[in-house]
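Asker:
Residue numbers (my numbering), protein chains in the order written: chain A, 1474 to 1611; chain B, 66 to 208.
1) Could you tell me the alpha carbon to alpha carbon distance between residue 1543 of chain A and residue 129 of chain B, rounded to whole angstroms?
2) Considering only the alpha carbon of each residue, which of B:172, B:125, B:198 lies closest to residue 85 of chain B?
3) Measure the beta-carbon distance from residue 1534 of chain A to residue 90 of chain B and round it to whole angstroms, keeping in mind my assumption that it falls under 8 Å.
4) Tell me which residues of the stretch 1475-1487 of chain A have at least one Cβ-Cβ distance to chain B shorter than 8 Å, keeping chain order.
5) I want to see whether chain B comes within less than 9 Å of residue 1609 of chain A, judged by CB atoms only; does it?
6) Excluding the 5 residues flanking residue 163 of chain B on each side, which residues of the same chain have their C-beta closer than 7 Å to its C-beta?
7) Confirm, please, whether the CB-CB distance from residue 87 of chain B to residue 168 of chain B is below 9 Å.
8) Can you check which of these residues, A:1482, A:1502, A:1580, A:1557, is closest to residue 83 of chain B by C-alpha distance?
9) List the endpoints of the continuous alpha helix (DSSP H) containing residue 1532 of chain A.
10) Compare the C-beta of residue 204 of chain B against all C-beta atoms of chain A and say whether one is closer than 9 Å.
11) If you compare alpha carbons, which of A:1502, A:1475, A:1551, A:1474 is closest to residue 245 of chain B?
12) Cα-Cα, which of B:93, B:112, B:95, B:70 is closest to residue 1516 of chain A?
13) So, residue 1577 of chain A versus residue 141 of chain B, is the Cβ gap smaller than 9 Å?
14) What in chain A is Cβ-close to residue 110 of chain B, meaning under 9 Å?
15) Short of 9 Å Cβ to Cβ, which residues in the stretch 1531-1549 of chain A face chain B?
16) Determine the chain D residues that contact residue 184 of chain B at a beta-carbon separation under 7 Å, and present them in chain order.
17) Could you work out which residues of chain B lie near residue 1506 of chain A, taking near to mean beta carbons separated by less than 7 Å?
18) Measure the alpha-carbon distance for residue 1529 of chain A versus residue 205 of chain B and round it to whole angstroms.
19) Please state if the CB of residue 94 of chain B and the CB of residue 1581 of chain A are separated by a distance shorter than 9 Å.
Laid out in C-alpha cells, this is it:
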C-alpha cells in the first residue's frame, strides 16, 4: 500500500516535470530533433537537469543496502550491447521522430485532453503486444 | 534558437530527476515509463498496483500544471493519423525490444552510467534526428 502511494507521488512529480519542461508539446520535441531546421536545444537541458538530480540521488541511494519500502533494488543485470538493444532503440527513435512523443508525454498528455494521444497510445500498446509475442517465440 | 527555453527545461528536468530518485530510494524501482506502461498488463498484485499508481500520478501531475499554468501551449491538431499510429507502434515495439525509452535509458540508465543505456540513447537520438530530417526536409510530410 505504501509503495503504491510513493509511486503515485513519483508519477505526479514526473508528470509535473514533463509539463513544466514543455516536453508534453510534440512540436517542442521535434524542434530538438530537427537539427537542420530552427533547432531548439531545450530537450538537452531537460536531460541535463534530470541527470544532475538523478545521478547524485542514485549515488546516495545505492550506498544503502535496500530501498526504504522494499527488499532490494530492481536494477537491470544486462550488460551486453546486443542486437535487440540497438535495433529496438533505433526503431523507437524512428517512431519518436515520426510523432514527437515518447511514452511518458503520450500518456501524460491525456490530462490536457490531447486527441493525438489516443492513436499514439493504441499504437504503443500494439507495439508492446507485438514485441511480447516475438519475445515469447524466441 | 528563438524558441529555446533553458530555465523551464532545467527546472522541469530537475523534477523528472527528482521523480526517478524518489522511486528508486523508496521503492527500489527504475522510473522507466515504457516498462511501467507495459507492466500494468503483464504484472499482477502489488507489482501491478504501484505501476498503475505511477501512471495515474503522471496524468495528475500534468493536470495540476494545466490548472496552474498561465498559458498552456496550444495542442497540435493537424499531425497525420498514420504517422501517429505507425509511429506509436514503433515506439511501443522498439522500447520493449530495446528495454527502455527516454526515461529508462536516457535518464535513469545514463545516471547509472550504464553502457547499454548510453548506446541506446545515442542510437534513438540519432534515428530520431534522421527520421525528422527525412520527414521534414526530404519528404515534407507532417511538417
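Beta carbons: idealized from backbone N, C-alpha and C, even for Gly. In this text, all values refer to a predicted model and were calculated from it rather than measured experimentally.
Answerer: Reading it off the structure:
1) 29 Å
2) B:172
3) 5 Å
4) Along the stretch 1475-1487 of chain A, going in chain order, the ones with a CB nearer than 8 Å to a CB of chain B are 1476, 1477, 1478, 1479, 1480, 1481, 1482, 1483, 1484, 1485, 1486, 1487.
5) no
6) 185
7) no
8) Minimum Cα distance to residue 83 of chain B is reached at A:1482.
9) 1515-1534
10) no
11) There is no way to answer for residue 245 of chain B, as the model of chain B reaches only from 66 to 208.
12) B:70
13) no
14) Correct list: empty, because the minimum Cβ distance to chain A is about 11 Å.
15) 1531, 1532, 1533, 1534, 1535, 1537, 1539, 1540, 1541, 1542, 1543, 1544, 1545, 1546, 1547, 1548, 1549
16) Judged by its chain identifiers, the structure shown contains no chain D, and its protein chains are A and B.
17) Those are 193, 194, 197, listed as they occur along chain B.
18) When rounded, the separation of the alpha-carbon atoms in residue 1529 of chain A and residue 205 of chain B is 42 Å.
19) no
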